[in-house]
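Quick note, the sequences are listed as chains A and B, same order.
Using our numbering, the letters of the first sequence correspond one by one to residues 7 to 20.
Using our numbering, the letters of the second sequence correspond one by one to residues 25 to 281.
Positions of the beta carbon are idealized from the N, C-alpha and C atoms, including for glycine.
In this text the structure is predicted, and so the values were computed from the model without any measurement.
Single-structure report; data block below.
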Amino acid sequence: KQKQQAISRFFAPK
Amino acid sequence: MLELRLVQGSLLKKVMESIKDLVNDANFDCSATGFSLQAMDSSHVALVSLLLRSEGFEHYRCDRNLSMGMNLGNMAKMLKCAGNDDIVTVKADDGGDCVTFMFESPNQDKIADFEMKLMDIDSEHLGIPEAEYEAIVRMPSAEFARICKDLSTIGDTVVISVTKEGVKFSTRGDIGTANIVLRQNTSVDKPEEATIIEMETPVSLTFALRYMNSFTKATPLASQVTVSLSSELPVVVEYKIAEMGYLRFYLAPKIEE
């Protein structure tokens with residue numbers, strides 16, 4: 007089973 | 025006061041058609057650098073980053089930095105009313121609540137203006153760190169679109185693997201599996217047909233095809249697409265916008281649970 011990661015896991019708010 | 029005149033108005037039409045289904049509402053930011061946008065899709069899985077540099081406009085006036093919240097579907101509807109050869113001008117007043125799109129036919133015999141209401145959008149800008157990618161594949165954008173479309177008839181996800189042999193796109197579904205391998209090909213007559221693979225380290229990542237297919241709506245913007253991959257990073261699918269900037273899509277990979 008695969009899980010979709012969120013983009014916020016990689017890019018933090020400025 | 026903001027006034028941006030773009031002779032190749034079709035570029036803006038193509039940009040809107042590329043992103044309107046991925047992002048509903050977004051802030052367009054105007055500064056001395058250019059006209060830009062950064063927005064996530066509603067599931068927060070993908071990120072769109074657009075830059076149209078000020079130098080690419082025939083006339084670019086932006087007295088002070090301005091952020092304009094727009095519904096992209098409505099903006100796309102208005103821009104669809106511009107002819108493909110029309111000159112498009114975007115106008116707004118500082119602190120105003122609307123934006124005007126003006127369309128001029130090439131011989132100036134038809135001039136239209138469409139005014140659209142702006143909206144307040146709460147969105148945070150994400151910092152995108154400069155990254156050294158383990159593999160960068162440059163290939164014809166139409167080929168990339170074809171591969172994503174073909175694979176999505178078989179499965180929901182694509183595994184993109186880059187080795188020294190080439191780049192492999194794989195999927196599996198209920199009916200079976202599919203693998204498409206592209207090798208580096210620089211010997212073509214036209215540079216836009218080349219496939220160039222730069223690899224530091226072999227890399228293999230899994231992505232949702234639904235998003236990849238959405239990104240390929242930008243195919244009319246550029247004959248080539250660049251796909252940058254690193255393990256532990258979102259893939260970047262980049263379409264260069266001739267002489268002006270880029271449209272980049274970032275997509276977070278899927279991982280084994």
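- Residue 82 (chain B) and residue 115 (chain B) have their C-alpha atoms some 14 Å from each other.
- At a cut-off of 8 Å between beta carbons, residue 152 (chain B) contacts chain A.
- At the C-beta level, residue 212 (chain B) and residue 186 (chain B) stay beyond 8 Å of one another.
- Contact note: residue 281 (chain B) reaches chain A through 7, 8, 9, using a C-beta cutoff of 9 Å and chain order.
- In the displayed model, residue 69 (chain B) falls within coil according to three-state DSSP, outside both helix and strand.
- Residue 278 (chain B) has a beta carbon lying within less than 8 Å of a beta carbon in chain A.
- Counting every other CB atom within 10 Å of its CB across the protein chains shown gives residue 119 (chain B) a total below 16, marking it as exposed.
- Rounded to the nearest angstrom, the gap between the Cα atoms of residue 162 (chain B) and residue 225 (chain B) is 16 Å.
- Counting C-beta pairs closer than 8 Å gives three or more between the segment 269-279 of chain B and the segment 61-72 of chain B, which meets the contact rule.
- The segment 184-236 of chain B contains, as complete beta strand (DSSP E) runs of 3+ residues, the segments 190-197, 200-206, 220-223, 227-232 (chain order).
- Non-local beta-carbon contacts of residue 155 (chain B) in its own chain, meaning distances under 7 Å to residues more than five positions away in sequence, involve 254, 257 in chain order.
- In this model, residue 28 (chain B) and residue 57 (chain B) are separated by some 12 Å (Cα to Cα).
- Between the segment 185-201 of chain B and the segment 119-138 of chain B there are fewer than three inter-stretch CB-CB distances shorter than 8 Å, so the stretches are not counted as touching.
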